Amino acid sequence: MIKKCLFPAAGYGTRFLPATKSMPKEMMPIVNKPLIEFGVDEALEAGMTGMCIVTGRGKHSLMDHFDLNYELEHQISGTAKEDKLKDIRSIMESASFTFIRQREMKGLGHAILTGKQLVGDEPFAVVLADDMCVKDGADDGVLAQMVALYNQFRCSIVAVEEVPDEETHKYGVIKGEMIKDDIFRVDDMVEKPEPGTAPSNMAIIGRYILTPDIFDILEETAPGKGGEIQITDALLQQAKSGCVLAYKFKGKRFDCGSVPGYIEATNFVYDNMYEE
Ligand code: G1P
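In terms of the numbering used here, the numbers along the sequence shown are unbroken and rise by one, the last being 1353.
Here is the structure:
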């Protein structure tokens, strides 16, 4: 069973400056709900109850969001507005939250390694909150689909999506052999390949299931693309010595780390999910 979900959330969110100067990018609202809460909802739906958040300096509001706010509770207790806290209260009752600080920004692989003390020696999920996923007709959320796959194959899994050739340089890109509908055994993966050199157009999006041996591999992983420790490089190592799967998920993903993706997600949520 996968019980824990790791949220690397130490990044600066420079594309949204000045909004993210003193506010974590994970707290940017999609209509009235912060991005990170969408990720937590998805993890809860997939049966995870331990939310492990890797934060950085100036990210206190992430912790406060998942804690009680006595003044507010007192103020709106018994009023109609109380209903607005229903969802977050239910999250707080269902999940536990632990936090660790990443002191230096040394890449996604380093952020995941920083979470080792919170995760321990068990398989876990990773959610990059700025990739926001919605079901859009699918029965389950992306993480729930990946957990079902993990229960079958018991190895690390990355979620992938086909992207246009001119966008492959923004992502980790996999190459693999299709072993079943929408499931690939990874034999190569490259972090942000130079234009025209990508091994395919299957881009990794911010959902992973990782087996805990990834931590030992990450300890040994040298800085790669951009001088950062890349989870993509560690996963390639794991794929070479064992098995890593790539899964073309059902549902819709918004790149909320970019302004157009953020606006698209906002419109989608307002039209399809928001209740007054
Ligand atoms: C990270 C990963 C990349 C992946 C992407 C998904 O990159 O390094 O492999 O494709 O997330 O969003 P970032 O977007 O943090 O630069």
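Where is the CB? At the ideal position from N, CA and C, for every residue including glycine. Bear in mind the structure is a predicted one, so any value in this text is a computation, not a measurement.
Contact annotation: V1211 and N1349 have beta-carbon atoms nearer than 9 Å. DSSP, reduced to helix, strand and coil, places M1350 outside both helices and strands of the structure shown, so it counts as coil. The segment 1213-1283 is shown to contain whole alpha helix (DSSP H) runs of 4 or more residues at 1219-1230, in chain order. Shown here, T1156 sits in coil according to DSSP, grouped into three states, outside any helix or strand. According to the DSSP assignment, T1191 belongs to the alpha helix (DSSP H) that extends over 1185-1191. Taking all protein chains shown into account, V1336 has fewer than 16 neighbouring C-beta atoms within 10 Å of its C-beta and is therefore exposed.
Taking the C-beta atoms as reference points, F1331 is found no nearer than 9 Å to A1316. Distance between C1320 and T1309, taken at the CA atoms: about 14 Å. Excluding sequence positions up to five before and after E1268, its CB lies within less than 7 Å of the CB of G1249, G1301, K1302, Q1307, T1309, D1310, all in the same chain and listed in chain order.
About 11 Å separates the Cβ atoms of Y1285 and V1219, ruling out a contact at the 8 Å cut-off. Taken through DSSP and simplified to helix, strand or coil, A1202 comes out as strand.
In the DSSP assignment, G1127 falls outside any alpha helix (DSSP H) and lies within the beta strand (DSSP E) extending over 1127-1132.
Put simply, the backbone Cα of P1200 is about 19 Å away from that of R1262. Per DSSP, M1169 is one residue of the alpha helix (DSSP H) stretching across 1163-1171.
A distance below 8 Å between beta-carbons, with the five flanking residues on each side excluded, links E1238 to the following residues of its chain, in chain order: M1279, A1280, I1282, K1325, F1326, R1330. For M1209, the enclosing beta strand (DSSP E) has its first and last residue at 1208-1211. Non-local C-beta neighbours of K1193 in its own chain, meaning closer than 7 Å and more than five positions away in sequence, comprise F1292, ordered along the chain. Short note on A1316: C-beta not closer than 8 Å to any heavy atom of the ligand G1P.
Between the segment 1149-1162 and the segment 1099-1107 there are fewer than three inter-stretch CB-CB distances shorter than 8 Å, so the stretches are not counted as touching. Under the three-pair Cβ rule at 8 Å, the segment 1128-1139 counts as touching the segment 1180-1197.
Taking a 10 Å sphere around the C-beta of M1255, we find fewer than 16 other C-beta atoms and assign the residue as exposed. The beta carbon of E1119 sits closer than 6 Å to those of G1218, L1220, all from its chain and outside the five residues before and after it, given in chain order. In the assembly as shown, L1094 is an exposed residue. Its beta-carbon has fewer than 16 other beta-carbons within 10 Å. If you compare the alpha carbons of I1177, E1114, D1290, E1150 with that of S1233, the shortest gap goes to D1290.
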